[in-house]
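In the numbering used here, the protein residues as written are 17 to 236. A short worksheet on the structure shown next.
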Ligand code: URA
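The structure is reproduced here in structure tokens:
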């Protein structure tokens, strides 16, 4: 019988992990329980008084807790604040298209933001707000232990990599955060304003898929 080549799965494989960081459970339910407990803490957070007062709800993150790839955004907007889920507005729909262009579904990956509360008028997070949310997103990433983190936009890239470099400088190569490989690319909101930049995001996604060893749609 001919051997069929199956694509590497989109969930991470514990057997290839050699980590110096605390191990997160490999069992999906156990990992989800840790995320749920962290989400309870996030829901009760009032460290950013203004954001806590103005939010409809906190926006924690969604997706597969065993995903190999995590998409890391900036902060909830009005739609996300209303629905309690990251990336569900116009920019979110474009992010979903980017994920689908890779041949994946939204729930194959995990999606989270730097901030768990909506900043007023969608302004950029203040440094103090990022600092207040840092223990939450760092713990979330520690539980998820993704192989890859795709930072979409300047805010998550700079927050995770603790740099002031621009996306133009950071994109198109891998960085490191703990045991994860990090790719920085343009934010879908930027792409809505500058559709010509979509080709750069597609280049970055191809770099990601090649490194993951998964087939690139449209490339034989
Ligand atoms: N932009 C983000 O960075 N995150 C969202 O959840 C929505 C829009």
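Beta carbons are placed, not taken as given, at the ideal position from N, Cα and C, and that holds for glycine. In this text, all values refer to a predicted model and were calculated from it rather than measured experimentally.
Query                                                                                                                             : Result
Where residue 22 falls: helix, strand or coil (DSSP)                                                                              : Note that residue 22 scores 44 on pLDDT, short of 50, meaning its location in the model is unreliable and no value can be drawn from it.
Backbone secondary structure at residue 119 - three-state DSSP                                                                    : coil
Lining residues of the ligand URA - beta-carbon closer than 7 Å to any non-hydrogen atom, in sequence order                       : 75, 89, 90, 91, 92, 93, 96, 102, 103, 105, 107, 108, 129, 168, 169, 203, 205
Rounded C-alpha distance that separates residue 151 from residue 158                                                              : 10 Å
Any non-hydrogen atom of the ligand NAP closer than 7 Å to residue 203 Cβ                                                         : Although the ligand NAP was asked about, the structure shown includes only the ligand URA as ligands.
Which listed residue (127, 217, 184, 219) has its alpha carbon closest to that of residue 79                                      : 127
Euclidean distance between Cα positions of residue 183 and residue 53                                                             : 33 Å
CA-to-CA distance, residue 201 to residue 216, given in whole angstroms                                                           : 8 Å
CB of residue 130 within 8 Å of CB of residue 175, strictly                                                                       : yes
First through last residue of the beta strand (DSSP E) which encompasses residue 164                                              : 164–168
Where the alpha helix (DSSP H) containing residue 152 begins and where it ends                                                    : 143–160
8 Å Cβ cutoff met for residue 73 and residue 97                                                                                   : yes
Backbone secondary structure at residue 37 - three-state DSSP                                                                     : coil
Coil, strand or helix - residue 196 by DSSP                                                                                       : strand
Three CB pairs or more closer than 8 Å across the stretch 130–141 and the stretch 91–108                                          : yes
Proximity of residue 154 and residue 64 at Cβ, strictly below 8 Å                                                                 : no
Whole-angstrom C-beta distance between residue 110 and residue 38, which should lie under 8 Å                                     : Residue 38 to residue 110, Cβ: 35 Å. No contact.
Neighbourhood of residue 18 by C-beta distance below 7 Å, restricted to the same chain and skipping five residues each side       : With a pLDDT of only 42 at residue 18, under 50, the local geometry of the prediction cannot be trusted, and no value is derived from it.
C-alpha gap between residue 101 and residue 75, whole angstroms                                                                   : 6 Å
Endpoints, the beta strand (DSSP E) within which residue 126 is located                                                           : 126–129
Beta-carbon contacts of residue 194 that lie in its chain and below 7 Å, excluding the five residues immediately before and after : 37
Where the alpha helix (DSSP H) containing residue 230 begins and where it ends                                                    : Careful: residue 230 lies outside any alpha helix (DSSP H) and carries neither H nor E.
Close Cβ partners of residue 148 (< 6 Å) along its chain, the five nearest in sequence each way excluded                          : 63, 64
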